[in-house]
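Worksheet: the structure to be examined is printed underneath.
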Amino acid sequence: MVSCRTWGLSMFLRVTRKRGMATPEKARAAMAEPVGAHTPPSRLRRRHRITDRIVEGFPCYTVAPRRAPDSGKVVIYLHGGSFFREISWWHWRFIDRLVSAGHRVEVPIYPLAPRYTYRAARPYLVAVYRQVIGEVDPGRVVLAGDSAGGTLALLLAQALPAAGLPAPARLILLAPCLDMRLCNPEIDGLEAADPWLARPGLLEAGRVWAGGDDLGLPELSPINGPMDGLPETDLFVGTHDILFPDARSFAEHAGARVHFTAEPGAFHVYPLAPVPEARPVLKSVLTTVDAL
Numbered sequence: 001m002v003s004c005r006t007w008g009l010s011m012f013l014r015v016t017r018k019r020g021m022a023t024p025e026k027a028r029a030a031m032a033e034p035v036g037a038h039t040p041p042s043r044l045r046r047r048h049r050i051t052d053r054i055v056e057g058f059p060c061y062t063v064a065p066r067r068a069p070d071s072g073k074v075v076i077y078l079h080g081g082s083f084f085r086e087i088s089w090w091h092w093r094f095i096d097r098l099v100s101a102g103h104r105v106e107v108p109i110y111p112l113a114p115r116y117t118y119r120a121a122r123p124y125l126v127a128v129y130r131q132v133i134g135e136v137d138p139g140r141v142v143l144a145g146d147s148a149g150g151t152l153a154l155l156l157a158q159a160l161p162a163a164g165l166p167a168p169a170r171l172i173l174l175a176p177c178l179d180m181r182l183c184n185p186e187i188d189g190l191e192a193a194d195p196w197l198a199r200p201g202l203l204e205a206g207r208v209w210a211g212g213d214d215l216g217l218p219e220l221s222p223i224n225g226p227m228d229g230l231p232e233t234d235l236f237v238g239t240h241d242i243l244f245p246d247a248r249s250f251a252e253h254a255g256a257r258v259h260f261t262a263e264p265g266a267f268h269v270y271p272l273a274p275v276p277e278a279r280p281v282l283k284s285v286l287t288t289v290d291a292l
């Protein structure tokens, strides 16, 4: 049974988020809105050391511990937002907790739709990763992300061999979109239960992000990409998330290297939300990073 807080937040999301992506037209209207600011909140600046730089024409923030001893480990965190929304306070809140535990976090501000497509994101993310492992042993680097950011984290890991770069120590994926086509027949039975994601709007956002290319391409849908060479992966998803069926299929196909957690009744990216179900996920993530 889900917590009261999860139930209440589900009702709120159903009204505020799902309706806004209920049709392709609403999705296009949402994508036409001004992009929000990507600057870290002032609270984070007071608590941690934050620097920024430009990589391949796009910003990247480094958030490092100010008070806690630096663990020497780095998490590259890719935020979600359906490939067109900017990083939000939910993401910064999660990043804050990682840094408070002593870990440095790299926060790439990757190019977004509709101005850019996936073709602009890949070289940027590869360049960020190359910079990080130029400073830190890849055995102490974690690639992580939620939703669209989780998709990009996995796609980046799959692209590293072709770029001649070593794999990170771990992948941590929070409710990634693994098949941009959203064609899994099990999604049909989940659409009404999902309080956040609406398939018509999500598909439209994907089409814009793809720039006219086939959504099933392995460069867009990591479920169709190479599995060989991927590091151990932690995959978290709620069962009231239309991305759940593909996440389960991916975990089954990948086998023992994927540690799969499906939270009964939880909504999309619940680990980032202020709900009790998120606490074990944060604890698991910190334990994983600490152990590197």
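For the sequence shown, the residue numbers in full-length UniProt numbering are 1 to 292.
The beta-carbon is built from N, C-alpha and C at its ideal position, and this holds for glycine as well.
- Take the alpha-carbon of Trp196 and the one of Glu263: they are about 16 Å apart.
- Cβ neighbours of Val105 within its own chain (closer than 6 Å, five residues either side excluded): Val63, Val75, Tyr77, Ile95, Leu98, Val99.
- A residue is called buried once 16 or more other Cβ atoms fall within 10 Å of its Cβ, and Thr151 is buried on that count.
- In the DSSP secondary-structure assignment, Tyr77 is bridged to Ala144.
- Nearest Cα to Asp188 within the set Ile242, Gly81, Ala247: Ile242.
- Collapsing the DSSP output to three states places Thr16 in a helix.
- Sequence-distant partners of Glu56 (beyond 5 residues in either direction) whose C-beta falls short of 7 Å from its own C-beta, in its chain, are Pro123, Tyr124, Ala127.
- Cβ-Cβ distances below 6 Å link Thr51 to Thr62 in the same chain, with the five nearest sequence neighbours on each side left out; the list follows chain order.
- Membership of Leu165 in any alpha helix (DSSP H) is not indicated, and neither H nor E is assigned to it by DSSP.
- Looking at the DSSP output, Asp213 bridges to nothing.
- Gly20 and Asp70 do not touch by the CB rule: their CB atoms are close to 40 Å apart, not below 8 Å.
- By the criterion of a C-beta distance shorter than 8 Å, Pro218 is surrounded in its chain by Gln158, Asn224, Gly225, Pro226, once the five residues flanking it on both sides are discounted.
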